[in-house]
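Protein chains in written order, with our numbering: chain S, 4 to 441; chain H, 4 to 441. Note that the Cβ used here is the ideal one computed from N, Cα and C, for glycine as well. Model, not experiment: these values are computed from the prediction.
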């Protein structure tokens, strides 16, 4: 569907909106920590005051969606119950209490007499967020963006336009009572605009896509703006030869069934040949009991009857109760398999052998490498970040679950009293590079 | 020239080479700090032992290049004198003495009983470096890559193929005496291979282009691999109304003429209208003395005779002794001009007014914001990083001058004893998120 889609040029109306957000950013980025925190509480209050309106709009969105050929999964994500809304409001208050990610001093160094270098964290700028359905994302992401001194342009799925519009109106109502410009949050409601946004690399500093693999891949391939996120989440669990089989079964089950549609659920089990018989004999009935369809390679099917895995299976994110199984000769084969088919999200090992565990964790290049625990722990809340904008599988930071800290960048501040480089090049002055103790 | 170029698919020979580098990385990334440092000294020794051969190869490259229609600038960058080579060798020894960027513990937290999260810095992987001429870059970049546990695929300008080949042979000779696989360094000698590399996003984790704007832009637009670097370096200096004009002249001159071909040299001076007359009257003769061609907007040309600046001038990186001059109404106009035309590299203000200086530094979104000093200080060595892979103008870290620290990423290590998420979702267990004091 998206392959044939051409990214449109921004029209004047979009340019005007984006320009207003950029202007807002110049101010928002300067707002003190306590005022940003306060603005979040005002946003939460305004949502609370407008709950009726928001829930009403959501009911309408839902009714309209029901008349269209929309999947049940999408419908259920679209629905915003009163509890979910209250939870979202509570989430904003929690983000307001998180530590300020802005202004962290990372380097403080006297380069030469009275030539002082500081590296401090600063907001990134204007963040474009493109997501599908899930109106609660509007609240969460706006809170994280404002908390970190950024501005945000949001585009949700068109099925939730009415809900998103009411939520954004409430958020702006809150901002109007704060010191932050209400233009710091901007909602787009048509796809042409959200796609045209991909062409605005001078105005938009980061794109966060949250949605299907197809959407994320399309965005990654069609913009020069940095993209934070991930397309595939193909996670593996390797059961080592020396491992506690009961633990392996418990962890593998949780990693698959606790929430199979999550990106941190496993898609493939790699099992050392020496424990394959025991593991499969004991685990298969449990997987079946939980409606997990197993797909095995030739060796796995020698031990237990199951559907055959074809080569496509190793690179597929099922997001469903399906699990592919491969029997490996040794840990090296497991590591190589992950190197080829993994998506650098999260991969785990079950082993009693600490050397093997270390070897696995050091060799696998994923953002998360786990030993004797479920891959489902790969999550900003479970890591204690208090909030999450998403999970990144890219090689460079921020990667893994990204919290507030991932919404800032840094800047070098250099203050002098007229120093020039020629004085140093000629040898008249010398660098001393002394770190200043805080 | 490059616009019509289509990125080719990698052939079997390139795939084989890259595959060997990836295999090497699995080992190199595990090598202890002292062994990586030792390998660098062995690389330096081997270069020393092969100096004759390298200089001979460079003489040949130079003679061949002279017969072609190659610019003098390129010719001079191609030439490798004995002193330059010795300096390069010394540079490797200095990189060996830098602090290890790998294994830095950033987070250490007990998520729940005996469920321990660590975030540690790790090498990025296989780094592809594409540069033009300058054979000394081979030594510098190889040293930085190996020091940080990475592997590197290098492609230099074809004019320096013979030199680069001899340097790489020597570096590999050094690696053979070390614990590091010699395949950790790989030289490509034809353009088809270096361009095909852009298609290998599974195998190559980072591309560092060092060369013309055209080359960098082409690479940024034709690969899904993260690119570290910058195309344009359009730096500004703003002379505020309340500023020391003598200092302003001294700093502006240095920022332009100390090395005009550098990316951190200024291209545009923004001058507050109230000091424009004094500044231009005093500074113009000095710029002329130093062969700087001035191009002014209408207002500037009211004060002093100079060539007119056309609108293209504000977005041009001259890399030459040309300077555009614009008179602004106030600091806000200066900030807006930089927002529109700047390239987020380095921009400075000359001012005695600390409030204005802070406003400028907080509002301008560039990687470097300078007060009362030359933009030419934007450099890894001058910042005290000991080495530099390049300067990044992107919004996200690493940005600004990138040292060894920019060649690592991080990874989350989670160790448990069989914990599953369901126990926490059901309320049977609780997170505690306690930071472990180191």
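- Restricting attention to 159(S), 144(S), 201(S), the CA atom closest to the CA of residue 153(S) is found in 144(S).
- Within the same chain, Cβ atoms closer than 6 Å to the Cβ of residue 327(S) are found at 271, 298, 312, 316, the five residues on either side in sequence being excluded.
- Scanning its chain for C-beta atoms nearer than 6 Å, with the 5 sequence neighbours on each side dropped, one finds around residue 163(S) the residues 64, 81, 136, 138, in chain order.
- For the region 384–397 of chain H, the residues whose beta carbon sits under 8 Å from a beta carbon of chain S are, in order, 385, 386, 387, 397.
- Using a CB distance cut-off of 8 Å, residue 436(S) counts as an interface residue toward chain H.
- If you draw a straight line from the Cα of residue 416(H) to the Cα of residue 208(S), it comes to about 30 Å.
- Taking 3 residues as the minimum length, the beta strand (DSSP E) runs contained wholly in the region 81–153 of chain S are 108–115, 118–126, 129–134, in order along the chain.
- Residue 127(S) reaches chain H at 398, 399, counting residues in chain order whose Cβ is nearer than 8 Å.
- Note on the region 196–280 of chain H: whole alpha helix (DSSP H) runs with a minimum of 4 residues are 216–224, 248–260, in chain order.
- Distances from the alpha-carbon of residue 225(H) to those of 204(H), 235(H), 238(H) put 204(H) closest.
- Annotation for residue 235(S): 216, 320, 346 place their beta carbon closer than 7 Å to its own, counting only its chain and skipping 5 residues before and after.
- Look at the region 362–376 of chain S: the residues with a C-beta under 8 Å from a C-beta of chain H are 364, 365, 366, 368, 369, 370, 371, 372, 373, 374, 375, 376.
- A distance below 6 Å between beta-carbons, with the five flanking residues on each side excluded, links residue 377(S) to the following residues of its chain, in chain order: 254, 257, 258.
- Residue 369(S) sits buried, since 16 or more C-beta atoms from the chains shown fall within 10 Å of its C-beta.
- Taking 8 Å as the cut-off, the Cβ atoms of residue 51(H) and residue 92(H) count as close.
- Put simply, the CB of residue 414(S) is near chain H, with a gap under 8 Å to one of its CB atoms.
- If you look at residue 372(S), you'll find it in the beta strand (DSSP E) that goes 371–376.
- In terms of Cα proximity to residue 261(S), the closest of 273(S), 277(S), 324(S) is 324(S).
- Under the Cβ criterion of 8 Å, residue 257(H) is counted among the residues facing chain S.
- By the neighbour-count criterion, in which a residue is buried when 16 or more other Cβ atoms sit within 10 angstroms of its Cβ, residue 414(H) is buried.
- Shown here, residue 332(H) sits in coil according to DSSP, grouped into three states, outside any helix or strand.
- Contact between residue 348(H) and residue 371(H) holds: their C-beta atoms lie close to 7 Å from each other, under 8 Å.
- Under the DSSP assignment, residue 37(S) falls in the alpha helix (DSSP H) whose first and last residues are 36–52.
- Excluding the 5 residues flanking it on each side, residue 17(S) has same chain C-beta neighbours closer than 6 Å at 196, 199, in chain order.
- It is roughly 35 Å from the alpha-carbon of residue 61(S) to the alpha-carbon of residue 33(S).
- Think of a sphere of 7 Å around the beta carbon of residue 33(S): the chain H residues whose beta carbon falls inside it are 365, in chain order.
- Residue 71(H) counts as exposed, since fewer than 16 other C-beta atoms from the protein chains shown sit within 10 angstroms of its C-beta.
- Judged by their CB atoms, residue 184(S) and residue 40(S) are not nearer to each other than the 8 Å cut-off.
- Just so you know, the alpha carbons of residue 161(S) and residue 194(S) end up roughly 8 Å apart.
- Going by DSSP, residue 14(S) is part of no alpha helix (DSSP H) at all; its letter is neither H nor E.
- In the structure shown, the three-state DSSP call for residue 321(S) is coil.
- Chain-ordered, the chain S residues with CB closer than 8 Å to the CB of residue 428(H) read 261.
- With fewer than 16 other CB atoms across the displayed protein chains lying within 10 angstroms of its CB, residue 19(S) is exposed.
- A direct Cα-to-Cα measurement between residue 280(H) and residue 306(H) gives close to 6 Å.
- DSSP places residue 397(H) outside both helix and strand once states are collapsed to three, so it counts as coil.
- By the C-beta criterion, the region 84–99 of chain S is judged not to be in contact with the region 121–130 of chain S, since fewer than 3 inter-stretch pairs fall below 8 Å.
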